[in-house]
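Mind the numbering: the sequence shown is residues 32 to 467 in my numbering, read in order.
Glycine included, C-beta positions come from ideal geometry on N, C-alpha and C.
Values in this document were obtained by computation on a predicted structure and should not be read as measured data.
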Amino acid sequence: MSEQGGYIQNVRLLDRGIWLFLSAALLVGAGRQMFMVLRNQYLVDLGLPPESVTSVQGFNSLGGLVIAIPAILIVGRYRAKTLLAVVTFLNAIAFAAHGLTDHLELFRAASFIAGIAVSLNVAMTAPFLMRRTGTAERIFAFSFHIAVSYPLAGALGSLLSGAVQGAAEQYAAQVGVPFGIEASPHLFGYRVALLTAAALVLFALIPTLMIGEQAHEAQNRSLRELLTLKDKKRLFWLGLPEMLIGFGAGITTPFFNMYFQKEWGLSPQEIAPVFVAMFLVLFAGFIVGPIFVKRFGVVKFNLWTQILSLPFFVELALKNMLALAIVAFVLRQAFMNQTEPTYKQFAQEVAHPQDRHAATIVVHGSRQLFFTAANFASGYLIAAAGGSFTWVIAVTICCYSLSILLQTWLLPRLDRLRQVEHPAAEPTLAPPVTLT
């Protein structure tokens, strides 16, 4: 059987609930990307200093951190359908708040709420996909989810962000004071785009409410059982590399739009195509990724994609020319992010079956804790470097390098443990289905 035939058969194994879940993820992700592309630029153009801008992202990360431990209970007690509806509503409220105000404290509060929503979304996704998939199609469900919710949604959101912001700005320039709102045409464009992002997220309620889902096993467990960890040591090892990656990512990656704005002088309309290109390449990587995971295994795939991302980060720091910076940004994102779906699945299979909800929180929470700290530190490093991103990029390279060295030692050991306990866990292509 060809790899192509096996790939298609695995895709056919995904049930209707997963496709509806992916549809909701696309809409939420597109709205979130519109928000992420424009929010930092909006704050910069309001005249806020770098430390204030990065503190808003810090509160977003802090919200995710605060809900991390309670999320173990929340995800264990409620259906994914219910939680996704809550996530959708909270995200929409937070995005709309940014478009309706220009006060720093309200930005921080809204970002805190958005962080809670994102953390809940992450916490419930992996157990939901784990419950609804078998061994053969599981890596495809995890890869498709991240492909749809991040790069595909990101490309759509990036295109909309530039188009909506630009159209609204042009309209405001022609009208003068649109709808009685006292703001420059440029800021008016940002506000309309942020409100559009909130509306797009609300549309995700439609596929969400169509998901059919039965009560899962964890809903019948007591609160004490949900908080009782069966193998703490294994969870610690799963979370350790994420701490280093979290700090390295948190100090740089949320601020790439600022990087192109400050280092290269690009406008929102010019930055949007850069993100679109990155997301399209990343989407292609996630779609074909399962084939390479099958061929090389989770450990080699994870390590080599991270190693290959490092030279491109160096180019971003060197700032030789804009074209090289854009290519480096696109390829760095594509390589480094390939590990996200495979590591999430790997963690679910390595963890004790009764620790799977906790494993999601540990992996996400470990990264989130250090990501949050890095968000607050980033602005001060940028300011200390005179507005340059060279220092924060250098810190990221160091953190990623240390994480790769740790994973080179750790992942083969965890993988051997996984293979002993789950001998069929390595992703395989499903056999062809004969229709009768």
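Beta-carbon separation (whole angstroms), residue i vs residue j, contact threshold 8 Å
i	j	result
residue 60	residue 184	3 Å
residue 340	residue 363	5 Å
residue 69	residue 299	6 Å
residue 303	residue 192	6 Å
residue 92	residue 402	5 Å
residue 151	residue 117	7 Å
residue 126	residue 190	Going by Cβ atoms, the distance from residue 126 to residue 190 rounds to 17 Å, so no, they are not a contact pair.
residue 380	residue 449	5 Å
residue 392	residue 102	6 Å
residue 360	residue 305	7 Å
residue 437	residue 423	At roughly 21 Å, the Cβ-Cβ gap does not stay under 8 Å, so residue 437 and residue 423 are not in contact.
residue 269	residue 390	6 Å
residue 388	residue 106	5 Å
residue 99	residue 399	6 Å
residue 174	residue 310	Actually they do not touch by this definition, with Cβ atoms about 15 Å apart.
residue 73	residue 221	4 Å
residue 332	residue 324	5 Å
residue 188	residue 62	7 Å
residue 3	residue 286	It is not possible to answer for residue 3, since the shown part of the chain is limited to 32 through 467.
residue 182	residue 200	Rounded, the Cβ-Cβ distance is 27 Å, inconsistent with contact.
Reference residue i; option with closest CA among the options
i	options	result
residue 238	112, 122, 439	112
residue 159	332, 375, 277	375
residue 266	382, 141, 53, 290	382
residue 408	279, 442, 287	279
residue 44	286, 165, 142, 122	165
residue 234	426, 448, 222, 51	51
residue 345	162, 78, 431, 155	431
residue 197	223, 187, 176, 206	223
residue 77	369, 132, 178	132
residue 336	285, 261, 373	373
residue 136	378, 79, 333	79
residue 417	81, 54, 66	81
residue 295	349, 329, 98, 62	349
residue 115	241, 316, 282, 367	241
residue 146	353, 124, 351, 215	124
residue 232	447, 427, 122	122
residue 162	354, 284, 46, 263	46
residue 264	441, 157, 63, 64	441
residue 54	104, 128, 109, 177	177
residue 429	354, 282, 357	282
residue 355	342, 366, 367	342
residue 301	357, 284, 108, 261	357
residue 156	425, 410, 371	371
Assigned secondary structure, residue i (DSSP; H/G/I helix, E/B strand, else coil)
i	result
residue 10	The question about residue 10 has no answer, for the chain in this structure spans 32 to 467.
residue 114	helix
residue 163	coil
residue 65	helix
residue 94	helix
residue 77	coil
residue 46	coil
residue 338	helix
residue 235	coil
residue 297	coil
residue 404	helix
residue 328	coil
residue 383	coil
residue 351	coil
residue 396	helix
residue 132	coil
residue 449	helix
residue 221	helix
residue 421	helix
residue 243	coil
residue 54	helix
residue 283	coil
residue 215	coil
Residues near residue i by beta carbon distance below 6 Å, same chain, minus five either side
i	result
residue 395	153
residue 274	397, 401
residue 142	87, 90, 91
residue 272	434, 437, 438
residue 39	none
residue 66	126, 228
residue 466	Annotation note: pLDDT 26 at residue 466 (below 50); position unreliable, coordinate value reported separately. The answer is none, since no qualifying residue turns up.
residue 330	442, 443, 446
Same chain, Cβ closer than 7 Å to residue i, neighbours up to 5 away in sequence not counted
i	result
residue 75	84, 289, 292
residue 243	48
residue 149	95
residue 308	361
Below-8 Å beta-carbon distance, residue i vs any chain B residue
i	result
residue 419	Given the protein chain composition of this structure (a single chain), no chain B is represented.
8 Å CB neighbourhood of residue i in its chain, flanking five on each side removed
i	result
residue 338	435
residue 415	422
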